[in-house]
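> Quick one: structure below, then a few questions.
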Amino acid sequence: MINGKLIYKGKTKDVYELDNGNCLLFFKDDMTGENGKFDPGANTIGLSIGGIGREWLRMTKYFFEKIEAAGFPTHFVSADLENGTMEVLKAKTFGKGLEAICRFKSTGSFMRRYGDYAKEGQDLDAIVEFTLKDDGRGDPVISADTLNALNIMTLETHDQLKKLTADICRFIRDELAKLGITLYDIKLEYGMYNGNVILIDEIAGGNMRVYKDEQKLEPLEIAKIIAK
Numbered sequence: 010m011i012n013g014k015l016i017y018k019g020k021t022k023d024v025y026e027l028d029n030g031n032c033l034l035f036f037k038d039d040m041t042g043e044n045g046k047f048d049p050g051a052n053t054i055g056l057s058i059g060g061i062g063r064e065w066l067r068m069t070k071y072f073f074e075k076i077e078a079a080g081f082p083t084h085f086v087s088a089d090l091e092n093g094t095m096e097v098l099k100a101k102t103f104g105k106g107l108e109a110i111c112r113f114k115s116t117g118s119f120m121r122r123y124g125d126y127a128k129e130g131q132d133l134d135a136i137v138e139f140t141l142k143d144d145g146r147g148d149p150v151i152s153a154d155t156l157n158a159l160n161i162m163t164l165e166t167h168d169q170l171k172k173l174t175a176d177i178c179r180f181i182r183d184e185l186a187k188l189g190i191t192l193y194d195i196k197l198e199y200g201m202y203n204g205n206v207i208l209i210d211e212i213a214g215g216n217m218r219v220y221k222d223e224q225k226l227e228p229l230e231i232a233k234i235i236a237k
């Protein structure tokens, strides 16, 4: 039983508002994908795995605590692994939601768009792309000028987020490398809290592509490695 007001039902998480002004995220056992196969870039629920929500929460807690210790601001307050919930600061999203994708190697949607120019697994040196959270339009990639023209984000904030994303993702990449696995790409989200940009949402196997010995790892495999 969650003591809070439901304010948003998402594909993989529900969001509740707490009496103290913070929010509570409930991690579901649903994963994005198509035809029963996991895909972090998909806009639909492709499968459900019992207990996966708690695995995502455990990974998120693991990374948020490390990221905050490294000096990067996040919305993380506390996590209840038994109940699959995480208390967070109530941040304001950019527009109706904006995602930052940091790419270290080419794969997935990057190859679908730029396959005439890129090779699978090609080094990309932490390039950052921004996409709008818009399932109906396939989460379109959006440029800095367009973000500014639509009053979603200023050019200055865009540049700040681009650098912050690259810095955080390099930190995550290096942490994963210590475990013997390679980060290809990862999706992050940000919001505003008390006038400052902070990292929000989750950092889990469902929003990253990770490889070991050039073999793609399934989300549960990533979770098991983190658990060691």
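Counting the sequence shown from 1 gives a position; this note's numbering is that position plus 9.
In this text, a Cβ means the ideal position worked out from N, Cα and C, and glycines have one as well.
Out of curiosity, what's the CA-to-CA distance linking tyrosine 220 and methionine 162?
C-alpha separation (whole angstroms): 33 Å.
> Within 8 Å, do at least three Cβ pairs link the segment 130 to 138 to the segment 111 to 121?
Cβ pair count under 8 Å is three or more, so yes.
> Kindly indicate the opening and closing residues of the beta strand (DSSP E) around lysine 18.
Lysine 18 -> beta strand (DSSP E) spans 14 to 18.
> Less than 8 Å between the CB atoms is what I'm expecting for glycine 200 and threonine 102, so what's the real figure, rounded?
Sure, about 5 Å apart at Cβ, within 8 Å.
> Excluding sequence positions up to five away, which residues of its chain have a Cβ less than 7 Å from the Cβ of isoleucine 234?
So the list reads Leu188, Ile190, once near-sequence residues are dropped.
> For proline 149, I'd like the list of residues in its chain whose CB is within less than 7 Å of its CB, leaving aside the five on either flank, ordered along the chain.
The residues are Thr140, Leu141, Asp143.
> Quick one: which unbroken beta strand (DSSP E) runs of 3-plus residues sit fully inside the segment 190 to 236? Chain order, please.
Listed in chain order, the complete beta strand (DSSP E) runs (minimum 3 residues) inside the segment 190 to 236 are 191 to 202, 205 to 209, 217 to 221.
> Taking the alpha helix (DSSP H) that serine 118 falls in, what are its first and last residues?
Where serine 118 is concerned, the enclosing alpha helix (DSSP H) stretches over 118 to 123.
> Out of Gly214, Ile181, Val24, which has the shortest C-alpha to C-alpha gap to phenylalanine 81?
Measuring from the Cα of phenylalanine 81, the nearest candidate turns out to be Ile181.
> Taking the C-alpha atoms as reference points, what is the distance between phenylalanine 240 and glutamate 165?
Examination of residue 240 is not possible in this model, given that the chain is present from 10 through 237 alone.
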